Structures are given as C-alpha cells and as structure tokens.
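Notes follow once the structure below has been shown.
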Amino acid sequence: APTRCRLFGEDYVLFRDKTGVARALTDRCAHRRAPLSDGKITPEGWVECPYHGWRFDGQDGRCRSIPNLSADEPVPAGYGVDAFATRELGGFVFVATPPTAGAVAPLPALDNAGNSTSHQGSAFLATPYRALMAALLDAPSLMLDIRGVQVVDDNFYGEPYRDNAGHFITERAADWTALARKRKKVVPDYPLQLRTETLPGDSITHLALHTDAFAPVLNATLAVTPVSDCVTAVHWQATVHKPEDPAFTPAVHRTLEKLDFTVPDAIDARTLLARHPYASSLWQDTLPGLLLARSSR
1437 APTRCRLFGE DYVLFRDKTG VARALTDRCA HRRAPLSDGK ITPEGWVECP
1487 YHGWRFDGQD GRCRSIPNLS ADEPVPAGYG VDAFATRELG GFVFVATPPT
1537 AGAVAPLPAL DNAGNSTSHQ GSAFLATPYR ALMAALLDAP SLMLDIRGVQ
1587 VVDDNFYGEP YRDNAGHFIT ERAADWTALA RKRKKVVPDY PLQLRTETLP
1637 GDSITHLALH TDAFAPVLNA TLAVTPVSDC VTAVHWQATV HKPEDPAFTP
1687 AVHRTLEKLD FTVPDAIDAR TLLARHPYAS SLWQDTLPGL LLARSSR
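Next comes the structure, spelled out in structure tokens:
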C-alpha cells in the first residue's frame, strides 16, 4: 500500500512498483491535489488517486490513465507529479530531493553472524534536527538507550576529528551499568568504548561499541532526518553481539544476556540545554548544507 512520508516539511508518497522497486512521488494528485498516499497500487504498479482515479507512474511521475478519457484519447503529456530518485541501502530507503542530490555513501553491513541479535525501529522526536545531532555528538547517553551500558559523555579518547573521507568521528568511554563507578579525580580505565562516525553532508551516523579488547558489543546505523522545523525522525538498525571473555564477571554475563538497544521517543530538554557543546562545535556540517543536498531517509 502507498505510504506517506514527510521530509523537510514536504509530503511524499512511497510505494513499490510491480518489479518491487521503491518509488517516491509528491504526495498530491495533479488534478485536485488529493493525497496519493490515500489511494492504492494498480496491477501495473502505478499509484492511483483515491479521488478521481488518476494513475501515476512512479518512475517518472507521469499520469498514465484517467478514467473519463476514451480508449483512443491519450493522456496529455504535461499531466504528472514530481518523481524523486530512490536507493535502498542497508535496509534504508533513501529519497534524493531534488534528483540532482549527491550519491549516497555506502553503508556498512550489520554482521548478524554468531551469537548476535538484530533490532530496528523509528522514533519521532519533538526536537529540531540540529539540536538532536548536537545531542548525539555531545551527549549520546541522551539519545541512545543501550540496556546494561552507561556511556560516559565527557570522557573522550582523543579529540573528535575528521578522517580523510570527511567522516566526523568521536570516541569516548562507556561502562557496564552493573559495574558503573562514581566519578573520581583520577580517570579509571573503562572496559568499553563507543565510537560514532557521522558521514559528511547527510544525517547518517554509525555507532560501534566494543570492549577494551576490541570485541564488538553493538553496531548500529542511525538515519537522523528532519521531518519539519521542530520534528526529527531517527530510523535505526542495530546488531547486538554477546562476546565471550573469561575476564567477564558474572554481573557482566547477566548484562549481556539482557543487552538491548533503542532510541527513546523524547529527550529531556533541560538536560539537553545543560550539555557542554564540545564535539558539536567541531562538527562542520550545517542544516542549510543538508537542505541543499537533501539526501534523506
């Protein structure tokens, strides 16, 4: 069935054609502007308007059929809606708005081999895009709910930096909640490390949580997408691993059995305002640049 999706304050209709390819059109009929997402998919793989039955091809947005035209009467060539290029990567559907947007960077495969489980979901937060990205970079504990793990937001391993590919990278400490310790003047050696890698020019961030022996605990990909000026969607996929290590205490083993990941539906505004804007101040991507590129989830 057609699905409505809002990006950057604009509504789109997403559907699959008869070959299974994801298509995206402006979500309003060229006739009376009725939402195409309230319609249906025809046997030809077109989307049909629920109002007067106009049918639109997802490949180019052209109107292919109008019920009140006779069989020998062609549909005028100018009748149609805007169509947008799509690409599926790593379980995400990317919509290029406009079609001249840059190529989507490759996404790493989430390894499900061995003793691991997969998770996915979406959260819609009443928080502007830039504020949400700042939370992810400065205080990921506000945005990431990793059951059994406590992220130490202000304990960085080195300075946040950009690699040669333009990815903005932070590395910080994390601890097992069961072993979480009080803050001391002398910084302890934490058993976990969280790495965030934000791709340039768009809203994709990769997460990697591993032990101090570099055994993977969690890998995730987050697509942080502006829905409107004040609402941001976070679509995510994650793989939770359960590494074996003879050095793990019984408490850590119990934590691994219940380890889970999600993104909360809300962020505490007071805590968000109180964060120290360190990593985000080094992040050079801007919302105008993102709007210009408009390569979105």
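Be aware that the sequence shown starts at 1437, since it is given in this note's numbering, and climbs by one per residue. Quick reminder that beta carbons are idealized off the backbone N, C-alpha and C, glycines included. Since this is a predicted model, take the numbers as computed values, not measurements.
Sub-8 Å separation of P1576 and T1632 beta-carbons: P1576 is a Cβ neighbour of T1632, given a cutoff of 8 Å.
With 16 other Cβ atoms within 10 Å as the buried cut-off, status of F1650: Here F1650 is exposed. Its C-beta has fewer than 16 other C-beta atoms within 10 Å.
DSSP three-state assignment for S1506, whether helix, strand or coil: Of the three classes helix, strand and coil, the one that applies to S1506 here is coil, per DSSP.
8 Å contact criterion, which H1642 and T1657 should meet: CB distance rounded: That pair is a contact at about 6 Å.
Under the three-state DSSP convention, the category D1696 falls into: Strand.
First through last residue of the beta strand (DSSP E) which encompasses R1440: Start and end: T1439 to L1443.
Per-residue DSSP class, three states only, for V1663: Shown here, V1663 sits in coil according to DSSP, grouped into three states, outside any helix or strand.
First through last residue of the beta strand (DSSP E) which encompasses L1461: According to the DSSP assignment, L1461 belongs to the beta strand (DSSP E) that extends over A1458 to T1462.
Rounded C-alpha distance that separates V1653 from C1441: As the crow flies, the alpha-carbon of V1653 is around 33 Å from that of C1441.
Residues near P1596 by beta carbon distance below 6 Å, same chain, minus five either side: T1606, A1715 and L1718, listed in sequence order.
Supposed close pair A1571, I1703 - CB separation, criterion 8 Å: The pair is a contact, with the Cβ atoms about 6 Å apart (cut-off 8 Å).
Rounded C-alpha distance that separates H1467 from D1701: H1467 and D1701 have their C-alpha atoms spaced approximately 37 Å apart.
Boundaries of the alpha helix (DSSP H) in which D1574 is found, first to last residue: Start and end: Y1565 to D1574.
Length of the line joining the Cα atoms of V1457 and V1699: Taken atom to atom, the span from the alpha-carbon of V1457 to that of V1699 is near 29 Å.
Exposed unless 16 or more other CB atoms sit within 10 angstroms - verdict on Y1593: Under a 10 Å Cβ-count criterion, Y1593 is classified as exposed, with fewer than 16 other Cβ atoms of the shown protein chains found around its own Cβ.
Own chain residues within Cβ distance below 7 Å of K1454, not counting five before or after: Same-chain partners within the cutoff: E1480 and G1481.
Residue closest to K1678, alpha-carbon to alpha-carbon, out of G1514, P1686 and L1692: The shortest Cα separation from K1678 among G1514, P1686 and L1692 belongs to L1692.
D1590 at chain C interface by Cβ criterion, 8 Å: You won't find chain C in this structure, because it holds only one protein chain.
Extent of the continuous alpha helix (DSSP H) to which L1643 belongs: Secondary structure note for L1643: it is in no alpha helix (DSSP H), and the uninterrupted beta strand (DSSP E) holding it is I1640 to T1647.
CA-to-CA distance, F1451 to K1621, given in whole angstroms: Model confidence at K1621 stands at a pLDDT of 47, short of 50, so the residue's coordinates are unreliable; what they give is reported in the following sentence. So the alpha carbons of these two residues sit roughly 56 Å apart.
Residue closest to L1708, alpha-carbon to alpha-carbon, out of M1579, N1591 and P1627: For L1708, the nearest C-alpha among the options comes from M1579.
Inter-residue Cα distance where the pair is P1471 and D1518: C-alpha separation (whole angstroms): 13 Å.
N1655 and T1634 closer than 8 Å at C-beta: Their beta carbons are not under 8 Å apart, which means N1655 does not touch T1634 by this criterion.
Cα-Cα separation between T1685 and D1625, rounded to whole angstroms: Those two C-alpha atoms are separated by around 16 Å.
Contact under 8 Å by Cβ, R1459 with G1494: Contact flag set, yes.
Proximity below 8 Å, CB of G1475 to CB of P1438: With respect to P1438, G1475 sits close: the two C-beta atoms are nearer than 8 Å.
Local Cβ density within 10 Å of T1613, reported as buried at 16 or more and exposed below that: The residue in question, T1613, is exposed, as its Cβ has fewer than 16 Cβ neighbours within 10 Å.
C-beta contact flag for R1608 and D1589 at 8 Å: Yes, they are a contact pair.
One or two residues paired with A1674 in a DSSP bridge: Per DSSP, H1555 and A1656.
Coarse secondary structure for A1669, derived from DSSP in three states: Strand at A1669.
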